[in-house]
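Position 42 of the sequence shown, counting from 1, maps to 611 under the numbering used here, and the rest follow consecutively. Where is the CB? At the ideal position from N, CA and C, for every residue including glycine. Small disclaimer: the values here were computed from a predicted structure and weren't measured.
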Amino acid sequence: MDELMDCATLEVRQYGRTGPQVILLHGGPGAAGYMAPVARELSDSFRIVEPFQRRREHEPLTVQRHIDDLHDVVAAYSSDEQPAIVGHSWGAMLALAYAAQHPDVARCIVLVGCGTFDSAAREYLQATVASCANPQLGSRLRRLASEIGDPDVRLCVLGRLLEPLYIYDSLADETDETEEYDRAGHDESWRDMLRLQKRGVYPSTFAGIPAPVLMLHGDWDPHPGRMTLAALQPYLPQLEYIELKSCGHYPWREKAARDTLFETLRDWLGENMT
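See below:
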């Protein structure tokens, strides 16, 4: 990491000193810091800006608040160029929501392990996770609320318990680097995303996005990539889809997919930013 800076009330980390600029968005929502391995790996070819999304503090968190925050980051760090936006999971959804409102900003967009945009995909996700969970895990999950009072700590433990269900074959030296958890921010941000989907705002407004879009999705990710692809394609006819083999929700942590992920990112971003 080259620099850690503050953009108004947001923590922003920067990596790399040469190449096109890439803004890297973490998922969760409310789980900042875990994209650091991706930022470090890409920093030899790109200048990476990794904002930590706003925590829940004095006012409810909404998708619009996150969009406005991201626009402030772009204004502060990319005022003289069009950056690429690479988002993971919820961060991929935020990248699309931002580009729909600011269609001339992003040079190109990459969605890694994109989250869901309809109830059918969410039901599939929930059913997949439930089918993989053993009775011991189910019992442990049911006890979380009574055993752990702090909601942020509880979100952290929940993530640790569910992690094996989201990873196919993890690299031994790749671990979760999440630095902070925000349960209230997670719940409010996600609730607002669901509200906007129910109103028909997403994914329909994505039709106004002119930038090239690439979707990278693990074939073992509980998030159903091909269902999300089908939901997005009517509004994003330019959307490209690459399925990563033997890969779960975190491709950079997978034995079979890590090299393919970074090779694809470097090639595709390079082609679309020159």
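Which residues DSSP lists as bridging residue i, in chain order
i	result
Ala653	Val591 and Cys677
Arg750	What sits at residue 750 in the sequence shown is Tyr, not Arg. The partner list for Tyr750 (beta bridge, DSSP) reads Ala600.
Glu832	Its beta-bridge partners do not exist; DSSP assigns none.
Val782	Ile678
Glu823	Ser739
Three-state class that DSSP yields for residue i in the structure shown
i	result
Gly585	coil
Gly787	strand
Leu740	coil
Val643	helix
Val618	strand
Glu757	helix
Glu626	coil
Glu840	helix
Arg764	helix
Same chain, Cβ closer than 8 Å to residue i, five either side skipped, listed in chain order
i	result
Ser773	Tyr804
Asp790	Gly682, Tyr735, Cys816, Gly817 and His818
Pro729	Note on residue identity: the sequence assigns Arg, not Pro, to residue 729. Only Asp745 meet the Cβ criterion.
Neighbourhood of residue i by C-beta distance below 7 Å, restricted to the same chain and skipping five residues each side
i	result
Gly588	Ser614, Phe615 and Arg616
Thr685	Arg691, Leu694, His792 and Thr797
Arg625	Asp751, Ala753, Gly754 and Glu757
Bounding residues of the beta strand (DSSP E) (the contiguous stretch that carries residue i)
i	result
Leu813	Glu809 to Leu813
Rounded distance between the beta-carbons of residue j and residue i, thought under 8 Å
i	j	result
Gln590	Pro672	So it is not a contact: roughly 18 Å between Cβ atoms.
Gly656	Glu749	Actually they do not touch by this definition, with Cβ atoms about 18 Å apart.
Arg822	Ser708	Contact flag wrong, Cβ pair sits at about 27 Å.
Sequence-distant residues of its chain with Cβ nearer than 6 Å to residue i (five each side left out)
i	result
Glu809	Leu783
Ile592	Val618, Pro652 and Ile654
Asn841	Cys677 and Pro781
Trp837	Leu783
Ser658	Gly596, Gly682 and Gly684
Asp575	Any reading at Asp575 needs caution, since the residue's pLDDT is 47, under 50, leaving its predicted position unreliable; the model's value is listed next. There are no such residues.
Leu665	Phe775
Residue i - containing alpha helix (DSSP H), residue span
i	result
Ala702	Segment: none, Ala702 is in no alpha helix (DSSP H) and carries neither H nor E.
Gln670	Trp659 to Gln670
Glu610	Ala605 to Leu611
Gly728	Pro720 to Tyr735
Met796	Gly794 to Leu801
Residue i: CB within 7 Å of a non-hydrogen atom of the ligand NAP
i	result
Gln695	Among the components modelled here there is no ligand, and therefore nothing to report on the ligand NAP.
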